[in-house]
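So the sequence shown is residues 42 to 162, counted in our numbering.
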Amino acid sequence: MGCRLPGAASPSDYWKLIAAGTEAVGPVPPDRWDQNLYYDPTGRAPGKMSVNAIGAVDQVDGFDPGFFGIAPREASRMDPQQRLLLEVAWETFENAGIPADSMRGSNTGVFIGIGGTDYSK
């Protein structure tokens, strides 16, 4: 199993978060977006949110394109969710003790949970 969740970079981190009753929602990190464009504390501005907090996944910029045989230029244009998906899929094999190359040509299912995105860099 593998995961990247707000406040947890692995299944064991997630379990620790749950066991401790830790809240993983916090202020919007300034590098994610300009809060002034999307936040209105009154909740009356059309198209703006009235809550200034999110559950953010950390380290979305730590992708190693060479590890996956991807050119840096191509990786820079990939949606961060796609990069995280590749990392977590690899970590899943590692956590299970399965050499990833042994899966080539196998009859294997993959289940993915992902949210919408407006990434356009």
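Quick reminder that beta carbons are idealized off the backbone N, C-alpha and C, glycines included.
When secondary structure is reduced to three states using DSSP, I59 falls in the helix class. Each of N77, Y80, P82, G156 was checked against the Cα of P121, and the nearest Cα belongs to G156. Restricting attention to P106, D99, Q123, the CA atom closest to the CA of D54 is found in D99. Secondary structure at M90: strand, using DSSP grouped into helix, strand and coil. When DSSP states are grouped into helix, strand and coil, G107 belongs to the helix group.
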